[in-house]
Structure formats: C-alpha cells, structure tokens
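Numbering (my numbering), first residue to last: 1 to 789. We put the beta carbon where it would ideally sit given N, CA and C, even for glycine. What follows is a set of notes on a single structure, which appears directly below.
In structure tokens form, the structure reads like this:
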C-alpha cells in the first residue's frame, strides 16, 4: 500500500492552509515507497478520481531520471499550483491524493489514504458581521450606571456566520462610522456556537470623548488569517459623566404606609435637587415599574429654594393601584436631558396597602370621593318620610341608619372600624362617633342626630349627609395608620313651617271668579270656557329664587243641586278631572296675584248640572304646604228641560248629557283654548336650545284630547305672542291611534323664522275628518335660544 502524501504547510488538525502560504505554489511531498520503479510517474489528483484528467493537479514527476536505490532519496516534491487554487473568497476543502502510472501497461494505482486540504480564503461573517448585541437599556444611552465596578461596559458578540474555534475578535470604537480604531485585547473564540462576552473599558470610552454618540463594532481574524471588515456598527449616546442622582422621597410613606387616602387622587414623589439640574430636564417616576408622564423642569423648579426638591411628581392613583400592595414597592425616577440618555436614580422600597373598609371587593370606582360599594345612610325623624324632616317634626332629634351590607351584600366593616356621621359641616363632637364592636357588628347601626347643635344649627333646606368609615392598617415597623372611606351623599329635605309657602299657614280657597251670586257657573259662562284662580297675593316664600311650584286637582262631583259638598261625599266625575303637579310659578303669576286654571267646556261638559271642587298645594325648595281651604262651586249648564249640549262638532251624534253625567264624545271646542297644551318634556319647557333639536327638528307630542279620533289632522303653531296672527302653522301630523300621544314636529328653521333668543309660544289646531277646524290650543311659552351650527 502506498504511503499517504504530506503537505508541510497544512495544519494537521484543521487541514487548513494559512492564507500567507497561498501566495506561492503549494509544496506536496510524496514519500518514496518500495513500489516505486523507474518506469513509473507520480501524478497529483483531487476528487478521488484519477481516471479523469480534469482532476489532475500540477505536473507529473517521471521516476526514470531518479536513482531509486539512493538511500538519501526519501521523497519526491510535487506542487499544487496557485493557478489551480480555489478562487479568492472561497472556503473549499479538497481531497488530495497521488497515483503511480505505468506507461507500459497504461495503468495506475492510487495511494490508499487521500489527504483533506482546506483552502479557507473567506473572512468570517460573510457579507457583514452582525452588530454587537447591546441590551435595550444600553442602546437607550450609556451612563455610569451601565459600567460595572471595574469601570467596564460589558456586552456580547453573537455567534456569526463561519465562526470557528480559534477566531480572534477585535473590538472597534470610534466617534463616527469612519473614524475609529481597533482596541486591545483580542477575544479568542472557544465555542463558535456560544455568545462571546466582550468589554469596553471606561478609559477607552473617555479617550473617544464623553457626551456624544460613539460607534461600536468589531472584526474577526480566523485561523487561516482571513481578516473580516468591521462589523455592522452601532451608534449609542455615551454619557458616563452625568450627575449622580439621589433616591426619590415619598413623604406619604413617612408614617410607615401609603394608604388609599394617601394615594387618592395621587401620591407625591419628591425629586431631590441634583448637580447641574437644567431647564427642560425630563423626569419620569417609575412606581412598581410603571412610568408617570414626563415632567419637564420649569423655571419655577429651577428658582425653588436649593434646599427643597427640584420637582414634585404626582403618581396617579390608577398607577399606584395597578402596581399593587406590598411592603417593598420599588420606586425610582429617571432623568433625561435633550441629546442625552436616560439616567436612573437609586430605588427606594415603599410600603403600600390600598385596602379600605367598604367590603371585600375593591371599590368599583376608587377615584371617586365616595366608596362605590357603600350604601347611602337613611335618615328618619318622627313620622316624616325617610330622608325628610317635615315642619311637624322640626325640633325633634333624628336617627341615621348605617347599613351593614354594601351593594355587593357583603359587610362593609370589621370590628374596631369607626363610623363618623356628618350633617353638612357638622360632625364630631356634636355627632358622636360609633365604633364597630362584637355586639353591634352583625346589624345595621343607628346613629343619633341631635336637633340642638346639629339639625337646628344647619337649618332648613336640602342638607347633605354622609358617613365616614375608618380602619387602622398595620404599618411597616409596627403601629398602625388610619384609612378612611366615605359613603355616598344622602340629601335630606329639612323644612320648618316658617320656610314653607304662606309660612305653613292655611292657604285661601281658590276663586271660581265667574260664578254668580248663588255660587253657580251658569250655562252662558261654562259653555264658552271659564277658569278658577288660585290666590298668590300676600303668600310668603314663593319668590322665584325658592323655585316655587303649584299642584292642583279640579274634579266634578255628583252632588246635583246641593249648595256644598255632599255628605257623604259624592262620586267624583272622573272625565271632568283637570290636574297638574309641581307646575313652576312664573313672575307673571306672582305679579298678577293668582294662578289661573282653565276650565274648558270640553271638560266641564261632563259635570253638566253638578258641583265641582278644587284642591291645591304650594311648594318651594324647603317643602310643601298643602294646608288650604277646599273650593266648591255648582255648575248649571243644562238646556231648559235638563240636558247639556254636547260640544260643537259632536252634535251630529245627537248625544246629549244628563244632569249627572255625560258620555265621552269627540268634540272640537266651541271656543279657543279648550284643546290641552302640547306635551313638552320638562327639559324642553325649561328652555329650547340647539341641543333639543333632533336633526334640526324639535320633536314634541299632543296628548289625547277630548273627542280625538283617528284621522284628525294636527297643525303645530309657533308665535311671538298669544295672538294667533303673531305666528305660523307648520307641517301637520295625523292621528293614528286616538289612545296614544301623536308626535308633532317643529322644524328648527321655521322656529327661527318666527324668532330667537326670546320667549315663543307653541300650540296647535285640529281639523277633523268632516273638515271642522278647532281654535288654537292652550299655548306654552318657552324661552328659545338656538345657535346656528
């Protein structure tokens, strides 16, 4: 068997030919063997195939000219020519061997063991080495805090393409992408599959210059001697000489605990003044890892007393709550200056406990003043309704009930919690606090509210009442810190007789002012429509500042020709009822000295020849006075012979009313103002603005009126006064269902044609299927202020 060939410049382990040996033909030594004859020649070949001449390498050596018996002849030199090397930039391993060729037999034999020879002429990394693997924090800017105790900036080089054991990594640092230098020492690669730790020293960083962008990179020299270009560069702002920051201060933690009360609505974090603090330095507090919005230092911050903090940062409750409870919530801050990286302060550990009374569940909306799981207290005084003190009970003590169960039906307190009731601005000591104890914990807790010094001291009107619930929480280092929550506010209406309309005294009876001397509304008067006047003259406590209202109830009685209310009371004639609740009084009513209630024939027709009564009450912000004299009047509106004429356009039915009742029949009025007013909402009655328009239209409705029938046509009207000639009729609506309200529309543009920024009057008229047209309905005066959009 032929001995294997030898390549002296080949690394025996890797098979690599160093690139500095590839500048000349590569020497290949073939050991002389016993098989060698002068009739043979030696030829190098590759690819394990000497049958193909394309695989021949170098020139053959003819043994005919050698003395094969010479003992000093031990080998033959052959050459792998440079022209046959793999191309520059290639990394190729070839199988190199030789064979002996006998020219007489034209046969050859190859050596048994080919030799692998690697031509590595390709630098590591391929087209470009990846950048140094800096951390996100390092990439955001390098400060002194990024250096270790030895002043080194530690980072790593990721595994790269074509990396091999024995590669040498050489760091590069510059002040631009084109101006820099390679640094010592180099870092040998021991395992190309692993990240390679590398370091830049503080001295190297200082040599380039602080407070600027620096460019970091590296190159690789492999075992073969190939040197890569510099890697992909990374530019990072370097500020290793920024000021030293002191830890933040949290004053609310000075007592050993940040509680819900400390954190709501925010916790103050003080930023100690640092050397070189500059206008517009941005400060961000990290509370439990959660950042606040940046605070840029202002001139006021700069001008503050040097002994005081340079800034006060408010951390919102939501941030504190998200970070959660704990005895060591990390709090620090970061300072960033324009063109500089973020500089973090040392951290402090802050104890936080946001638990509160109010139940086991979190407060549904903890940033509101009241705890959302606590029910409002209930106030009882004498026989007055709950949360009301009527004049008859003004002078008595009250009792507040604090409910044990919250909205979630769980107890809101624990034993030793303290309840404090508040009555407007009065609390302790006038209202004694109450401690939750084992005996009283299991039920609602009553708390006395004294009349003297509390109810009397605050006086009449709406009074805000609530309670607080306080619990002691264990603090860091021992002791406790209180936390307090508040219930929602319960408004209590307190009234004394002297604050009610008429000082609470009996109010005068209403006046049926068109009755005759016998206290009778006769046919001539009733058929055209009459009214009743409720006296306001001389009535105290009904100034508009007190928001006075009137409520009334007029109804006929089956009393026949009796001169007064029958005993026992007669049946009420329900179809004649005219009632209203809490109608606001206007200055015109007060100026007139009375409030007038219209009695249209469409309603009084049902009374025919019977009696009627009217009751009323007056109210203001302090309460209601229902103490009045009931008014009674007789109606006699029958034809001679005892029947009452059905209103005008229902005559075709031939229906007449008896002296005690009249059936409901459709009838347009025999005079104006017998149709009820438009059913505006309370909001609309208080004033009409552009917000009340739906796509430019004011939508209202007409209630079912006397004699309403399907197919009636309703025409809305708006004017500047109660005179029909002052206004215009608008697009009509048709009654579809007589039992329901009929919607009507006032186009905003049409309203503005009539007037704006003034009081306008709204009404309607009705045309029935027979073509009979009613008069204009009762009108509603409303202030109109519509802004163009």
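- Every alpha helix (DSSP H) stretch that sits fully inside the stretch 294-333 and reaches 4 residues is listed by chain position as 299-303, 317-323.
- The shortest C-alpha to C-alpha distance from residue 155 to any of 143, 134, 165 is the one to 134.
- By the Cβ test, the stretch 626-642 is not in contact with the stretch 674-682, since fewer than three Cβ pairs between them sit closer than 8 Å.
- In this chain, the alpha helix (DSSP H) harbouring residue 601 covers 601-604.
- Ranking 300, 108, 263 by CA distance to the CA of residue 281 puts 300 first.
- Within the model, the alpha-carbon separation for residue 265 versus residue 294 is close to 18 Å.
- Look at the beta carbons and you see the stretch 719-736 touching the stretch 761-773: at least three pairs across the two are nearer than 8 Å.
- DSSP, reduced to helix, strand and coil, places residue 232 outside both helices and strands of the structure shown, so it counts as coil.
- Excluding its 5 nearest sequence neighbours in each direction, residue 485 has C-beta neighbours in its own chain below 6 Å: 356, 357, 358, 371, 469, listed in chain order.
- Rounded to whole angstroms, the separation of the alpha carbons of residue 329 and residue 131 is 37 Å.
- The Cβ neighbour count for residue 710, taken over all protein chains shown within 10 Å, is under 16; the residue is labelled exposed.
- Taking every protein chain shown into account, the CB of residue 123 has 16 or more other CB atoms within 10 angstroms, so this residue is buried.
- Note that the stretch 200-211 touches the stretch 145-160; at least 3 beta-carbon pairs, one per stretch, sit closer than 8 Å.
- For residue 695, the number of other beta carbons within 10 angstroms of its own is below 16, and it is reported as exposed.
- Cβ-Cβ separation between residue 245 and residue 343: approximately 6 Å, consistent with a contact (criterion under 8 Å).
- For the 8 Å CB-CB criterion, residue 401 and residue 377 form a contact.
- The DSSP-derived three-state label of residue 472 is strand.
- One alpha carbon belongs to residue 525, the other to residue 455, and they sit about 52 Å apart.
- Closest by C-alpha distance to residue 481, out of 257, 236, 761, 106, is 257.
- Between the C-alpha atoms of residue 686 and residue 782 there is a straight-line separation of about 7 Å.
- The C-alpha of residue 83 is placed about 24 Å away from the C-alpha of residue 111.
- Assignment of residue 725 by DSSP, reduced to helix, strand and coil, places it in the helix class.
- For residue 691 and residue 699, the gap between their C-alpha atoms comes out near 12 Å.
- DSSP lists 398 as the beta-bridge partner residues of residue 449.
- Around the Cβ of residue 637, a 10 Å sphere holds 16 or more other Cβ atoms; the residue is buried.
- Residue 487 is a Cβ neighbour of residue 467, given a cutoff of 8 Å.
- For residue 575, the three-state secondary structure derived from DSSP is strand.
- Going by DSSP, residue 168 is part of the beta strand (DSSP E) stretching over 168-174.
- Across the structure, residue 465 and residue 472 are spaced so that their CA atoms are roughly 24 Å apart.
- In the DSSP assignment, residue 237 is bridged to 213.
- The beta carbon of residue 128 sits closer than 8 Å to the beta carbons of 229, 231, 232 from its chain, once the five residues preceding and following it are set aside; these are given in chain order.
- In this structure, the beta-carbon distance from residue 622 to residue 517 does not fall below 8 Å.
- Under DSSP, the beta-bridge partners assigned to residue 271 are 311.
- It is roughly 13 Å from the alpha-carbon of residue 551 to the alpha-carbon of residue 536.
- As the crow flies, the alpha-carbon of residue 1 is around 27 Å from that of residue 17.
- Residue 180 sits buried, since 16 or more C-beta atoms from the chains shown fall within 10 Å of its C-beta.
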